[in-house]
Amino acid sequence: MRPRPRDIVLSLLVLLLGALSWLWLTMLSPFTYDRPAHLPEVDEGPHAVFVYGTLRLAPVRWLVMGRAGETEPAVLAGFRRDGLDLVEAPGERTAGELVIVSAEELEQLDRYERLGIRYQRVPLQLADGRTAWVYRRLNDAEAPAGEGAGG
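If you want the numbering used here, it's the 1-based position in the sequence shown plus 182.
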């Protein structure tokens with residue numbers, strides 16, 4: 183018995199909804215991230231954030247923050263990308279974008295990056311002299327048990 187086109191479309195919609203629900207739960211949901219108690223509170227904005235990975239994509243920023251935000255090209259000197267992280271590399275440069283966010287949006291970015299669990303947020307100086315927040319992977323010694331950079 184061949185599946186009907188309606189059944190195929192319905193099955194695809196269920197799969198898509200399931201995938202989107204899983205992404206929301208694991209990346210954006212407040213139910214799967216508890217901000218570690220040792221992290222300082224977020225100061226009122228605006229905050230400049232240098233993004234170099236998935237957050238360079240406007241649809242990702244829109245999903246995370248509720249808006250894509252205006253960005254401008256930016257460069258972080260002395261670092262190179264290494265997978266999901268930046269490593270110090272004198273003489274090298276990492277291209278990215280600078281986005282200005284509110285305190286609430288910075289907290290949403292912290293949740294997306296799993297601040298204190300997978301990433302730390304550090305202030306770094308950009309090539310043009312401005313300072314911006316940059317998310318960097320925690321190493322195995324800094325991460326909570328079972329959440330290291332390799333995991």
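C-beta: ideal position from N, C-alpha, C; glycine also.
| Query | Result |
| --- | --- |
| Beta-ladder partner(s) of V283, from DSSP | H229 |
| Through-space distance from L198 to Q307, alpha-carbon basis | 41 Å |
| Cβ distance (whole Å) where R293 is taken to contact R319 below 8 Å | About 16 Å separates the two Cβ atoms, so there is no contact after all. |
| A285 vs D189 beta-carbon contact at 9 Å | no |
| For L266 and T276, the rounded distance between their alpha carbons | 13 Å |
| Residue span of the alpha helix (DSSP H) that contains P241, given as start and end | 240-247 |
| Buried or exposed (CB count within 10 angstroms, at least 16 for buried), E223 | exposed |
| Bridge partners - Q302, DSSP secondary structure assignment | R318 |
| Euclidean distance between Cα positions of W244 and V233 | 14 Å |
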